[in-house]
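Peer 1: Residue numbers (the working numbering): 6 to 264.
Structure provided below as structure tokens; questions to follow.
Laid out in structure tokens, this is it:
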């Protein structure tokens with residue numbers, strides 16, 4: 006997941022909670038919440054001169070991650086290199102996903118005991134942070150890929166939003182669109198996350214999707230535009246639930262593997 010990256014298209018989200026078209030209404034009745042998938046993401050700000058060493062460190066972690074995937078502890082893992090840098094942001098991250106919190110932490114303990122959590126390149130980081138997320142709406146294609154593009158967006162619900170706001174948005178709009186993009190090969194994976202361990206204020210949720218190539222980003226954007234064009238009667242319900250002033254996007258290059 007990383008993990009993580011629709012800000013230009015924020016207005017499109019007014020479609021989400023007003024299921025005006027028969028197609029979206031049908032999709033809403035078909036989308037079901039899945040068993041929780043947990044993801045651990047470790048973020049680092051690595052000096053530019055050491056990016057090559059960070060790539061080597063990521064490669065060195067593969068044996069632990071591959072073994073955990075093969076024995077069923079993990080369902081996916083990967084690493085990201087940020088493409089849109091910010092002065093106080095992160096340059097790199099590594100992530101792994103499991104169907105249990107125990108699975109995440111067992112892999113983390115292996116990294117601690119192997120010494121990979123204290124390598125020289127990580128010691129040069131100017132900033133570090135971790136996150137544990139949970140998703141109940143997700144899907145992927147099995148296999149490994151290199152050089153994908155991960156787009157992630159964070160949103161904050163307003164204080165008066167309903168308790169099931171993320172479920173409503175996921176079922177009525179986000180998942181049907183993502184499933185279409187997954188089916189035609191545009192995406193490797195998508196997920197809608199909230200924090201399992203809250204290091205930020207409750208009410209934040211994230212939408213992540215991994216495109217097979219750069220053209221996939223344009224395909225997703227075109228699909229969003231088509232949805233807006235084909236649903237002219239949709240109202241501003243999403244805007245009434247989300248505080249767009251704190252909305253942010255991320256874009257990264259991703260190597261990953263899914264079971």
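Quick reminder that beta carbons are idealized off the backbone N, C-alpha and C, glycines included.
Return the Cβ separation of residue 102 and residue 82 in integer angstroms, given the expectation that the two are a contact with Cβ distance under 8 Å.
Peer 2: Locating residue 102 in the chain shown gives position 97, counting from the first residue. Locating residue 82 in the chain shown gives position 77, counting from the first residue. Going by Cβ atoms, the distance from residue 102 to residue 82 rounds to 7 Å, so yes, they are a contact pair.
Peer 1: Among 186, 217 and 108, which residue has its Cα nearest to the Cα of residue 76?
Peer 2: For the purposes of this step, residue 76 is taken as residue 71 along the chain shown, with counting starting at 1. Selected option, being the one with the closest Cα: 108.
Peer 1: Counting C-beta neighbours from all protein chains within 10 Å, is the total for residue 142 16 or more, i.e. buried, or is it exposed?
Peer 2: Along the chain shown, one-based indexing puts residue 142 at 137. Buried, because 16 or more other Cβ atoms sit within 10 Å of the Cβ of residue 142.
Peer 1: Please confirm whether residue 137 and residue 80 have their CB atoms less than 7 Å apart.
Peer 2: Position 132 of the chain shown holds residue 137. Position 75 of the chain shown holds residue 80. In this structure, residue 80 does not lie closer than 7 Å to residue 137 by Cβ.
Peer 1: Count Cβ pairs between the region 59-78 and the region 35-44 that sit closer than 8 Å; are there 3 or more?
Peer 2: Judged by Cβ distances under 8 Å, the region 59-78 makes no contact with the region 35-44, as fewer than three pairs qualify.
Peer 1: First and last residue of the beta strand (DSSP E) that includes residue 189?
Peer 2: Counting from one through the chain shown, the residue named residue 189 turns up at place 184. Where residue 189 is concerned, there is no enclosing beta strand (DSSP E), given that its DSSP letter is neither H nor E.
Peer 1: Give the range of the alpha helix (DSSP H) segment to which residue 113 is assigned.
Peer 2: Along the chain shown, one-based indexing puts residue 113 at 108. Counting along the chain, the alpha helix (DSSP H) containing residue 113 begins and ends at 106-119.
Peer 1: Does DSSP put residue 201 in a helix, a strand or coil?
Peer 2: Along the chain shown, one-based indexing puts residue 201 at 196. In this structure, residue 201 counts as coil in the three-state DSSP scheme.
Peer 1: May I have a chain-ordered list of the alpha helix (DSSP H) segments no shorter than 4 residues that lie completely inside the region 57-104?
Peer 2: DSSP runs (the alpha helix (DSSP H)) wholly in the region 57-104: 67-75.
Peer 1: Who are residue 146's beta bridge partners in DSSP?
Peer 2: Taking the first residue of the chain shown as 1, we reach residue 146 at position 141. BP columns for residue 146 are empty, so no partner.
Peer 1: Taking the alpha-carbon positions, what's the residue 119 to residue 231 distance?
Peer 2: The count along the chain shown starts at 1 and reaches residue 119 at position 114. The count along the chain shown starts at 1 and reaches residue 231 at position 226. Near 49 Å, if we compare the C-alpha coordinates of residue 231 and residue 119.
Peer 1: Return the residue from the list 70, 52 and 173 that minimises the CA-CA distance to residue 86.
Peer 2: Start at 1 with the first residue of the chain shown, and residue 86 comes out as number 81. Nearest of 70, 52 and 173 to residue 86, Cα basis: 52.
Peer 1: Go ahead and label residue 153 buried or exposed: buried means 16 or more other beta carbons lie within 10 angstroms of its beta carbon, across all protein chains shown.
Peer 2: As a position in the chain shown, residue 153 is number 148, starting the count at 1. Buried, by the Cβ-count rule.
Peer 1: Three or more beta-carbon pairs under 8 Å between the region 119-131 and the region 178-188, yes or no?
Peer 2: Counting Cβ pairs under 8 Å, fewer than three are found: no touch.
Peer 1: Can you tell which of 156, 88 and 162 has its C-alpha closest to the C-alpha of residue 226?
Peer 2: Counted from its first residue, the chain shown places residue 226 at position 221. The option with the nearest alpha carbon to residue 226 is 156.
Peer 1: Looking at the strands, I want to know which residues DSSP matches up with residue 257.
Peer 2: Translated into positions along the chain shown, residue 257 becomes position 252. Answer by DSSP bridge pairing, in chain order: 87 and 155.
Peer 1: Among 59, 262 and 40, which has the Cα closest to the Cα of residue 194?
Peer 2: Within the chain shown, residue 194 is the residue found at index 189, counting from 1. Answer by Cα proximity: 262.
Peer 1: With C-beta atoms as the reference, is residue 301 less than 7 Å away from residue 258?
Peer 2: Examination of residue 301 is not possible in this model, given that the chain is present from 6 through 264 alone.
Peer 1: Is the distance from the Cβ of residue 210 to the Cβ of residue 199 below 7 Å?
Peer 2: By 1-based counting over the chain shown, the position of residue 210 is 205. By 1-based counting over the chain shown, the position of residue 199 is 194. Closer than 7 Å, so yes.
Peer 1: Residues bridged to residue 247 by DSSP?
Peer 2: As a first step, residue 247 is located in the chain shown; it is residue number 242 there, counting from the start. Residue 247 pairs with 162.
Peer 1: Mind reading off the beta-carbon distance from residue 256 to residue 228? Whole number of angstroms is fine, and I expect it under 8 Å.
Peer 2: As a working mapping, residue 256 is identified with position 251 in the chain shown. As a working mapping, residue 228 is identified with position 223 in the chain shown. Not confirmed; about 17 Å, so no contact.
Peer 1: Rounded to the nearest angstrom, how far is the Cβ of residue 246 from that of residue 163, given a contact under 8 Å?
Peer 2: If you number the chain shown from 1, residue 246 lands on position 241. If you number the chain shown from 1, residue 163 lands on position 158. At roughly 6 Å, the Cβ-Cβ gap stays under 8 Å, so residue 246 and residue 163 are in contact.
Peer 1: Using a Cβ-Cβ cut-off of 8 Å (strictly less than) and excluding sequence neighbours within five positions of residue 139, which residues of its own chain qualify?
Peer 2: Along the chain shown, read from residue 1 onward, the residue named residue 139 stands at position 134. These residues qualify, in order along the chain: 41, 42, 43, 44, 198, 199, 200 and 201.
Peer 1: Three-state secondary structure (DSSP) at residue 51?
Peer 2: One-based indexing of the chain shown puts residue 51 at position 46. Three-state DSSP puts residue 51 in coil, outside helix and strand.
Peer 1: Would you check if the distance between the CB atom of residue 93 and the CB atom of residue 161 is smaller than 7 Å?
Peer 2: On the chain shown, position 88 is the one that residue 93 refers to. On the chain shown, position 156 is the one that residue 161 refers to. No, they are not a contact pair.
Peer 1: Measure the alpha-carbon distance for residue 72 versus residue 264 and round it to whole angstroms.
Peer 2: Looking up residue 72 in the chain shown gives position 67. Looking up residue 264 in the chain shown gives position 259. For residue 72 and residue 264, the distance between alpha carbons rounds to 12 Å.
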